[in-house]
Amino acid sequence: MIEEALREISRGTAEIIDNERIEKLLKAYFEEGKGYTVKAGFDPTAPDLHLGHTVLLQKLAVFQKYGARVQFLIGSFTATIGDPTGKSATRKVLTKQEIIHNIDSYTTQAFKILDESKTDIVYNDDWLGNMTAADMIALASNLTVARMLERDDFSKRYASNTPIAVSEFMYPLLQGYDSVHLKSDIEIGGTDQKFNLLMGRQLQKAYETKKQQAVLMMPILEGLDGVQKMSKSLGNYIGVSDEPKDMFGKTLSISDELMWRYYELLSSKSLDEIDALKAGVEDGSLHPKKVKEELALEITTRFHDKAAAQAAKEEFERVHAKSQIPTDIEEFTINAESLWIAQALVDCKLEPSTSQARRDIKQGGVKINQEKVTDMNLQLNAGEYLLQVGKRKFAKLRVD
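Taking UniProt numbering, the leading residue of the sequence shown gets 1, the next gets one more, and so forth.
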């Protein structure tokens, strides 16, 4: 069982520091029934989560399966500073109201993956908010400025004369102190968090907690393009609050190669089950599209339910396989003597900008009443129109 647990825990990881400690914790669990804690921090910097954010949640769920109690840390204090990791400028400070709003979104989505009975939601405002000036100075004495500037993002900003707030230097120390307070056995995070994760080990030793947490780092999930990291700003994301049909359709749009990456990092299927699917695709007994549909159903079911996922699958097949029009199309009414097609696409929420609309028209990706649009300067007069961008985006427009 320990070997199986280690295999699932190490699955998809980018790096593990102190694997021996993880093995000892598992041994104590299987032989003595002794539990252990796994910490993961989430700064509620935005209310909208995507599948990239859930990679850590999936790993936490695996740890819960093998005896862990999850310390789901909400950075209610550190969010007021702003995590500088990977940032080329000082991050905007959030208000308490923004933090509370964002926390609701995080916790709601987290328990679609985690076992709530094995999870402790903790807020670092509870202990960091009570630290005195003397406590802060004592904490800061554990790290030199030279060591801090070894961080890639800080060194680049320093070299380019980009401002670095002193408060940003405190962020890794505060995150590390969270591990001191919680006495965490393991902490997990993304590869971009390595400096901060190791700070927890260093501070646990400095504060004589009689333990040093193991560190497990997960890779950054690629977006739908398979190249850049999943990001809302890049438009290559699957949002956990996406409608079922969008979630299902977006998952099916990934490449066959990227599909296995998503299976490894996002699926609840075991490695043996995934290996069996790969073998089926390789020997021709399984079509890649069917395997991808299975993944899309699993993901959509997780964030909605089985009935919604099945309905999304049937709708996708109806629209795409049979080239039919969806049943639930949003309708818009605009008062105008005439309306430029690019502006109409923006007003109907099919395009983010008129420049993107022009590009899609030029590439043949826009249709009106199922006829391809070729004129980028087309004006829509009074009447009703069925607008379409790509294969999945539709809107009904009435111009009065």
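C-beta atoms are modelled at their ideal positions from N, C-alpha and C, and glycine is treated no differently.
Fair warning: this is a prediction, and the values are worked out from it, not measured in the lab.
Cβ distance (whole Å) where residue i is taken to contact residue j below 8 angstroms
i                 : j                 : result
alanine 312       : lysine 245        : 5 angstroms
lysine 250        : leucine 234       : Contact doesn't hold; Cβ gap of about 13 angstroms is too wide.
glycine 176       : leucine 203       : 4 angstroms
glutamate 264     : glycine 12        : 5 angstroms
valine 240        : threonine 54      : 7 angstroms
leucine 271       : glutamate 32      : Their Cβ separation, rounded to whole angstroms, is 27 angstroms, which puts leucine 271 and glutamate 32 out of contact at 8 angstroms.
phenylalanine 248 : phenylalanine 303 : The pair is not a contact, with the Cβ atoms about 11 angstroms apart (cut-off 8 angstroms).
leucine 339       : glutamine 379     : 7 angstroms
serine 167        : glycine 200       : Not quite, the Cβ-Cβ distance comes to about 19 angstroms (not below 8 angstroms), so this is no contact.
asparagine 124    : phenylalanine 77  : 5 angstroms
proline 219       : alanine 382       : Proline 219 to alanine 382, Cβ: 53 angstroms. No contact.
leucine 128       : leucine 174       : 6 angstroms
valine 319        : aspartate 360     : Not quite, the Cβ-Cβ distance comes to about 18 angstroms (not below 8 angstroms), so this is no contact.
glutamate 298     : serine 267        : 6 angstroms
First through last residue of the beta strand (DSSP E) which encompasses residue i
i             : result
isoleucine 74 : 68 to 74
threonine 333 : 331 to 334
valine 319    : Looking at the DSSP string, valine 319 is not in any beta strand (DSSP E), and its letter there is neither H nor E.
alanine 40    : 36 to 42
tyrosine 189  : Sequence inspection shows glycine at residue 189; the tyrosine mentioned does not correspond to that position. Run containing glycine 189: 186 to 190, per the beta strand (DSSP E) assignment.
Nonlocal neighbours in the same chain, by C-beta distance under 6 angstroms from residue i, ignoring five residues either side
i             : result
arginine 398  : Thr333, Glu384
leucine 197   : Glu187, Gly189, Val215
alanine 342   : Thr354, Ala357, Arg358
serine 88     : Model confidence at serine 88 stands at a pLDDT of 47, short of 50, so the residue's coordinates are unreliable and nothing is read from them.
aspartate 18  : Ala214
glutamine 109 : Leu49, Val240
glutamate 351 : Leu345, Ala357
Contact set for residue i: own chain, Cβ-Cβ below 8 angstroms, skip 5 residues either direction
i              : result
isoleucine 2   : Glu23, Leu26, Lys27, Phe30
lysine 396     : Ile329, Glu330, Glu331, Phe332, Glu384, Tyr385, Leu386, Leu387
arginine 69    : Gly35, Tyr36, Thr37, Val38, Lys118, Thr119, Asp120
threonine 301  : Ala308, Ala309
methionine 136 : Met170
valine 122     : Gln71, Phe72, Leu73, Ile74, Leu182
valine 373     : Ile341, Ile361, Val366, Lys367
isoleucine 274 : Trp260, Tyr263, Glu264, Ser267
lysine 205     : Gln212
Close beta carbons around residue i, own chain, < 7 angstroms, minus the five adjacent residues each side
i                 : result
phenylalanine 195 : Arg151, Pro172
alanine 5         : Leu26, Tyr66
glycine 280       : Leu286
glycine 255       : The amino acid occupying residue 255 in the given sequence is serine; glycine does not appear at that position. Around serine 255: Gly226.
lysine 232        : Asp48, His50
methionine 230    : His50, Leu51, Gly52, Leu221, Glu222, Gly223, Asn236, Tyr237
arginine 21       : Ala214
alanine 336       : Val399
tyrosine 207      : Val180
leucine 139       : Leu173, Tyr177
Run of the alpha helix (DSSP H) containing residue i, from where it starts to where it stops
i            : result
isoleucine 9 : 2 to 10
tyrosine 177 : 166 to 182
leucine 57   : 54 to 65
tyrosine 158 : 152 to 159
alanine 214  : No alpha helix (DSSP H) contains alanine 214, which is instead part of the beta strand (DSSP E) from 214 to 218.
residue 412  : Since the first and last residues shown for the chain are 1 and 400, residue 412 lies out of range.
valine 227   : No alpha helix (DSSP H) holds valine 227; DSSP gives it neither H nor E.
leucine 203  : 194 to 206
alanine 14   : Run containing alanine 14: none; DSSP gives neither H nor E here.
alanine 146  : 145 to 148
Any chain B beta carbon closer than 8 angstroms to residue i
i           : result
alanine 214 : Protein chain content of the structure displayed is limited to a single chain, and chain B is not contained in it.
Next item on the list: Take every Cβ of the segment 146 to 164, pair it with every Cβ of the segment 105 to 113, and state whether three or more of those distances are shorter than 8 angstroms.
Entry: Two segments are said to touch when three or more pairs of C-beta atoms, one from each, lie closer than 8 angstroms; by this definition the segment 146 to 164 does not touch the segment 105 to 113.
Margin query: Extract the residue ranges of the beta strand (DSSP E) inside the segment 105 to 134, only unbroken runs of 3 or more that lie entirely within it.
Written below: Positions of the beta strand (DSSP E) runs, each at least 3 residues long and wholly inside the segment 105 to 134, are given as 119 to 123 in order along the chain.
Checklist line | In chain order, each beta strand (DSSP E) run of at least 3 residues that lies wholly inside the segment 331 to 397 | finding: Fully enclosed beta strand (DSSP E) runs of 3 or longer: 331 to 334, 338 to 340, 366 to 368, 379 to 381, 383 to 389.
Next item on the list: Taking only runs that begin and end inside the segment 238 to 289, name each unbroken alpha helix (DSSP H) of 4 or more residues, in chain order.
Entry: With a minimum length of 4 residues, the continuous alpha helix (DSSP H) runs that stay inside the segment 238 to 289 are 244 to 252, 256 to 266, 271 to 283.
Check: Any contact of the segment 177 to 196 with the segment 210 to 222, i.e. 3+ C-beta pairs under 8 angstroms?
Finding: Enough Cβ pairs lie closer than 8 angstroms, so yes.
Notebook entry, point to check: Is it true that the segment 333 to 348 meets the segment 281 to 297, where meeting means three or more beta-carbon pairs spaced less than 8 angstroms apart?
Noted result: Using a C-beta cut-off of 8 angstroms, the segment 333 to 348 makes no contact with the segment 281 to 297, since fewer than three inter-stretch Cβ pairs fall below that distance.
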